[in-house]
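Residue numbers (our numbering): 22 to 596.
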């Protein structure tokens, strides 16, 4: 059949789509019956396949759906990299049918008497009947995601454009105009722009990105994703769409699109690919437009468990000892982006029991915890950390969590709260655990108050976790084992290094874990603080008393095959 003559679909009898797969899927992925029924009803009304509607509504991720098809129908699942590089001389299906049905014919083998096809939706009997009608021989079916099939069809039969390239073709050429705010609002609300921004967000979710950076320059709009702590460039829209793209993001986060001279902060709550996401949006003016950073918080994937964060062994035992105190201050220190807030939430989750009244003061509230009273700081109306703290000490709390000790007055209220029988959790920006003590002294807190209230300090960094699917053993020299201190953990020279596979996006890493040190405030350390000892001396004594430094905790995780030597050296370079 010609590739230009469309297949006459009217001649093929359609059979009802079996619901058994979708009923099974709802039990596997936990899709609520009401959501399942709604998706099925919308699919029936629109004539769209239920699988496509489930993905469009964000109830199931596209990759998860393909995996479910492969499991249920027992067909092999393939990645986009396994698709053919060349087209058939005379493909038996029209291009229109392949695009609409998300199907690609790989081969029509006369010797094997089979037609090899790649499908996105094997539950659609109409498509399978059509293929059987054309092939007149058995089908050999493999499963892939709809987007992978669409990309392959465009690459093999089209102009080689990406999905973003097709959307860009439909954008208004006047999208760069910034003078007419109403015109800009209209552009940002048109379907192609909505789909383009949604595509940027979906790709970020697929890539496991924690942040999206949208940065305008003189002749380009750059999009970068931070994946496992490292920035990676992504396919970007053209420069003339800069104003419309940024305006669309600002509309989604309820920001003022007419204000381009001042920084703004907003939030987006969205369900993407079956995940509930809370996105924090920050804009700042630059020379060529507004730079936008979107922080993605995946509510469903966060596990408030110290072991899953990488805190285990002796550091975990010491941390449990700190949290067991009925009053006093527990601090978490580290630079921006080191996971301090997640550790605080995990500590709160651990001590959150029915007999504890817990109140937090945060800027912003990142995760909502059941049973915890969380206060969002709002400086624009005068509700800052100091005012909120003065109010909550009259609320009879047992535990107070302060997002950050930013000034002397906030620190003083925290100390007074600890002295009057409260447990106080907070963060500081310091390089190591001992630096937390000297930072509070530098703020102006009296040494006798510090030694009476601080129970312990957790310092941490985040390093990339090796992908379990592709990490490979690596032999290093015995001299290097001793020089790095790996022999302390029983290493004989075999460590692991990153390789790269489809699971981790060829990076060799999948996720991150914390390397930590936990300083306990002993009587000897209290004496050093009272004698005005520096942070180095306090740190040295803490190590003598059994504290593993972040470096040594990291090397323990290297020996355990969780990360690499390079990651630890990078993270602990300034410690």
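Don't be surprised by glycine CBs; every beta carbon is placed ideally from N, CA and C.
Given the structure is predicted, the values throughout are model-derived calculations rather than measurements.
Name the residue from the options whose alpha carbon lies nearest to the alpha carbon of residue i.
i	options	result
residue 299	308, 307 and 315	315
residue 301	323, 282, 283 and 275	275
residue 563	291, 479, 48 and 304	479
residue 93	487, 257, 45 and 466	45
residue 411	391, 389, 438 and 348	438
residue 366	445, 543, 70 and 142	445
residue 163	146, 96 and 174	96
residue 292	282, 319 and 313	319
residue 127	173, 389 and 357	173
residue 41	80, 144, 155 and 165	144
residue 389	297, 451 and 304	297
residue 309	449, 467, 571 and 238	238
residue 538	435, 336, 507 and 590	336
residue 324	363, 305 and 503	363
residue 523	227, 495, 414 and 135	227
residue 578	542, 556, 553 and 510	510
residue 443	136, 571 and 347	347
residue 466	434, 357, 230 and 160	434
residue 350	499, 395 and 447	447
residue 78	91, 88, 134 and 62	62
residue 303	271, 256, 207 and 449	271
residue 60	340, 394 and 74	74
residue 490	468, 498 and 525	525
residue 575	565, 554, 507 and 558	507
Taking the straight line between their C-alpha atoms, what separation do you get for residue i and residue j?
i	j	result
residue 64	residue 117	21 Å
residue 492	residue 368	31 Å
residue 106	residue 139	14 Å
residue 546	residue 361	24 Å
residue 241	residue 290	28 Å
residue 197	residue 243	Any answer about residue 197 is weak, because its pLDDT of 45 lies below 50 and its placement is not dependable; what the coordinates show is given next. Going from the Cα of residue 197 to the Cα of residue 243 covers about 15 Å.
residue 194	residue 530	Bear in mind that a pLDDT of 46 at residue 194, under 50, signals an unreliable position, so the number given afterwards is only what the model happens to contain. One C-alpha to the other measures close to 40 Å.
residue 593	residue 455	15 Å
residue 373	residue 379	7 Å
residue 514	residue 485	21 Å
residue 371	residue 544	27 Å
residue 376	residue 569	34 Å
residue 213	residue 273	15 Å
residue 199	residue 260	Confidence is the limiting factor: at residue 199 the pLDDT is only 48, short of 50, which leaves the residue's position unreliable, though a coordinate-based value still follows. Spanning the two alpha carbons is a distance of roughly 13 Å.
residue 313	residue 171	30 Å
residue 119	residue 101	16 Å
residue 680	residue 82	The chain is shown only over 22 to 596; residue 680 falls outside these bounds and no answer can be derived.
residue 595	residue 235	30 Å
residue 423	residue 383	6 Å
residue 70	residue 175	21 Å
residue 177	residue 104	10 Å
residue 397	residue 403	12 Å
residue 254	residue 211	26 Å
residue 305	residue 288	15 Å
Under the rule that 16 or more other beta-carbon atoms within 10 Å means buried, what is residue i, buried or exposed?
i	result
residue 247	buried
residue 409	buried
residue 43	buried
residue 285	buried
residue 279	exposed
residue 250	buried
residue 252	exposed
residue 125	buried
residue 567	exposed
residue 359	buried
residue 225	buried
residue 331	buried
residue 76	buried
residue 527	exposed
residue 258	buried
residue 154	exposed
residue 573	buried
Quick one: does residue i have its CB under 7 Å from some CB of chain C?
i	result
residue 102	The chain labelled as chain C is not found in the depicted structure, where only one protein chain is given.
Within 8 Å, do at least three Cβ pairs link the stretch 513-531 to the stretch 580-590? Flag = yes, the stretch 580-590 and the stretch 513-531 touch.
Contact between the stretch 401-421 and the stretch 457-465 is defined here as three or more beta-carbon pairs at a separation below 8 Å; is this criterion met? As far as the Cβ criterion goes, the stretch 401-421 does not touch the stretch 457-465, which means the pair count is below three.
Suppose only complete runs of 4+ residues qualify. What are the alpha helix (DSSP H) ranges in the stretch 384-467, listed by chain order? Annotation: the stretch 384-467 contains the following complete segments of the alpha helix (DSSP H) (minimum length 4 residues), in chain order: 406-413, 429-440 and 454-464.
Those runs of the alpha helix (DSSP H) which lie wholly inside the stretch 328-361 and span at least 4 residues: Taking only runs of at least 4 residues, the alpha helix (DSSP H) segments lying wholly in the stretch 328-361 are 334-344.
The stretch 465-472 touching the stretch 546-555, judged by at least three CB pairs closer than 8 Å: Contact between the stretch 465-472 and the stretch 546-555 is present: 3 or more CB-CB pairs across the two stretches fall below 8 Å.
Using 8 Å as the Cβ pair cut-off and three pairs as the minimum, do the stretch 255-270 and the stretch 205-224 touch? Touching, yes.
What alpha helix (DSSP H) runs, 4 residues minimum, are completely inside the stretch 249-311? Within the stretch 249-311, the alpha helix (DSSP H) runs of at least 4 residues that lie entirely inside it are, in chain order, 263-273.
Which runs of the beta strand (DSSP E), 3 residues or longer, sit entirely within the stretch 102-174? Listed in chain order, they are 124-130, 135-140 and 160-164.
Quick check on the DSSP output: what are the complete beta strand (DSSP E) runs of length 3 or more inside the stretch 496-551, in order along the chain? Correct list: 515-518 and 530-541.
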